[in-house]
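Single-structure report; data block below.
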Amino acid sequence: MAPKSETRRGIAVLPEIKAEKPRMYRVFLHNDDYTTMDFVVGVLMEVFNKQMDEAVRIMFAVHQQGLGECGAYTAEIAETKIDRVHSLARAADFPLRCSMEPE
């Protein structure tokens, strides 16, 4: 049902509709025994727009802890970034895995 409008001086005015903030999803890279550290850093810079120092820090988290957080995004953006990571990894013959979870 549409909100009722109000008329002021011959002009219809709709009541203000408040938009909710979209749900955010954290995106992670997963460690494996084959993907090179250089490739992971490159993916972080290209796909997630990370500067070199931050990309290296995340890459070491992936390497040492098995998982590294790349950022938080809306569902559609997170899915697009994950697809891009998987596409780049396949093209380079690496098994790099990327996933997302709700914040």
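Mapping the sequence shown onto numbering that gives the first Met the number 0, position 30 (from 1) lands on 29, and the numbers just tick up by one. We put the beta carbon where it would ideally sit given N, CA and C, even for glycine. The model shown is predicted, which means the values in this text are computed figures rather than measured ones.
CB-CB length for residue 24 against residue 94, believed under 8 Å:
Not really, about 22 Å apart at Cβ, beyond 8 Å.
Tell me whether residue 22 sits in a helix, a strand or coil according to DSSP, three-state version.
DSSP places residue 22 in coil when its eight states are reduced to three.
Go ahead and label residue 13 buried or exposed: buried means 16 or more other beta carbons lie within 10 angstroms of its beta carbon, across all protein chains shown.
Residue 13 sits exposed, since fewer than 16 C-beta atoms from the chains shown fall within 10 Å of its C-beta.
Mapping DSSP to helix, strand and coil, what is residue 16?
Three-state DSSP puts residue 16 in coil, outside helix and strand.
7 Å CB neighbourhood of residue 62 in its chain, flanking five on each side removed:
Annotation for residue 62: 30, 36 place their beta carbon closer than 7 Å to its own, counting only its chain and skipping 5 residues before and after.
Between 65, 60, 22, which has its C-alpha nearest residue 74's C-alpha?
Scanning 65, 60, 22 for the CA closest to the CA of residue 74 turns up 22.
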